[in-house]
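Visitor: In this note's numbering, the protein residues as written are 675 to 940. Glycine residues also receive a C-beta, built at the ideal position from the N, C-alpha and C atoms. A quick note: this is a predicted structure, and the numbers were derived from the prediction, not measured. First the structure, which I've put down as structure tokens, then a few questions once you've had a look.
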Amino acid sequence: MDFTAASSDEDFRFEIHADGEWRRRRRHHHDPAAVASCHVIDEVTRIAATCTILAPAELEHRTNTLLGQAADLLDAGVRVTWATAHIHVGPEDLHTAQTRMRLLARARTEWEINQLRLSQAVTYRNQLREDPTLVLAQLLLESPEAITQETVNIIPSVAEKVAAYAPGTAWVETAHLLEESFGKLAPDAKQFVIDRLCTALTEFGAEAATRRLKEAHGGTPLGTQPAGSVGLPGEFVTSTDCAGPVPPPAARHDNSSGPSGSQPSV
675 MDFTAASSDE DFRFEIHADG EWRRRRRHHH DPAAVASCHV IDEVTRIAAT
725 CTILAPAELE HRTNTLLGQA ADLLDAGVRV TWATAHIHVG PEDLHTAQTR
775 MRLLARARTE WEINQLRLSQ AVTYRNQLRE DPTLVLAQLL LESPEAITQE
825 TVNIIPSVAE KVAAYAPGTA WVETAHLLEE SFGKLAPDAK QFVIDRLCTA
875 LTEFGAEAAT RRLKEAHGGT PLGTQPAGSV GLPGEFVTST DCAGPVPPPA
925 ARHDNSSGPS GSQPSV
């Protein structure tokens with residue numbers, strides 16, 4: 675008998691020719707030949723669903739290993755003594771299947787490469803958020819001859835564009851504005867800004883940030899103000915302004931020079 679069975683590849687089917695021998699054991703079924711044929715078809719179809727269309731020889735060996743043994747179909751009173759299957763795949767189907775497999779393999783490879791590039795791009799973007807000068811470092815390593823003043827001037831723009839799509843974009847932009855404005859201030863004005871920032875941070879409980887800010891700008895960390903310095907707790911003290919010379923402490927009376935209550939000589 676001839677029939678077809680679906681392969682594990684969509685839209686492709688094996689062509690099968692099967693022969694065999696059966697015997698009636700009891701008169702339980704009106705058409706024992708149909709019972710034997712269905713048994714062979716079911717077994718071949720089950721195995722074919724696990725095989726690719728490009729492996730007809732594998733399917734044939736696996737199928738005949740099973741069908742070469744006698745099988746008793748007790749409910750129908752039929753015994754399939756033996757069966758054999760010959761598997762065939764047309765040349766056109768083989769060519770089409772091979773072409774499809776190549777395209778699928780190429781698409782999978784391209785997808786994996788794109789995913790790798792995307793992962794590398796995300797990692798590089800995150801690094802640029804932390805240190806935009808990586809662009810310049812990369813150019814120095816790969817194409818030092820291509821670096822010009824124009825290239826160097828572009829780097830801040832690259833950093834700005836990268837930061838524009840970062841989480842907390844508003845704060846990134848705020849930091850850039852502060853850095854730009856802060857650099858144009860006079861030294862005493864810079865110190866004034868740092869003092870006020872430290873005071874505000876301390877009021878809201880950000881002592882660690884205050885300490886780091888002071889250390890970054892050469893100030894005195896909290897709790898280490900020198901003795902005699904003037905300032906509120908948590909203020910960044912850099913100098914002590916005095917209205918005039920500090921008077922010396924009042925002279926003590928020396929009890930050993932005379933009796934108590936004696937008047938100084940004129």
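Keeping to the same chain, check which residues put their C-beta closer than 6 Å to that of His760; ignore five residues upstream and five downstream.
Guide: His691
Visitor: In angstroms, rounded to a whole number, what distance separates the CA positions of Thr755 and Glu689?
Guide: 23 Å
Visitor: Let me know if Val714 comes out buried or exposed under the rule of 16 or more other beta-carbons within 10 Å of its beta-carbon.
Guide: buried
Visitor: Below 8 Å on the Cβ atoms is my contact criterion, and I expect Pro806 with Val826 to pass it. Report the Cβ-Cβ distance as a whole number of Å.
Guide: That pair is no contact at about 12 Å.
Visitor: Which residue wins for smallest C-alpha separation from Ala883, given the options Cys872, Leu768, Ala707?
Guide: Cys872
Visitor: How far does the alpha helix (DSSP H) with Asp802 in it extend, from its first residue to its last?
Guide: It should be noted that the sequence gives Leu, not Asp, for residue 802. Start and end: 765-804.
Visitor: Grouping DSSP H, G and I as helix and E and B as strand, with all else coil, what is Asp862?
Guide: Helix.
Visitor: Give me the Cα-Cα distance between Ile828 and Val809, rounded to the nearest whole angstrom.
Guide: Near 10 Å, if we compare the C-alpha coordinates of Val809 and Ile828.
Visitor: Gln794 to Ala811, Cα distance in whole Å?
Guide: 17 Å
Visitor: When the Cα atoms are used, what is the spatial distance from Met675 to Thr737?
Guide: 15 Å
Visitor: Count the CB pairs spanning the region 726-733 and the region 675-685 that are closer than 8 Å, and state whether there are at least three.
Guide: Verdict: yes, contact present.
Visitor: Going by C-alpha distance, which of Thr719, Thr724, Thr770, Gly694 is nearest Phe677?
Guide: Thr719
Visitor: Measuring only the C-alpha atoms, how far is Leu859 from Ile821?
Guide: 31 Å
Visitor: Is Arg697 helix, strand or coil by DSSP?
Guide: DSSP places Arg697 in strand when its eight states are reduced to three.
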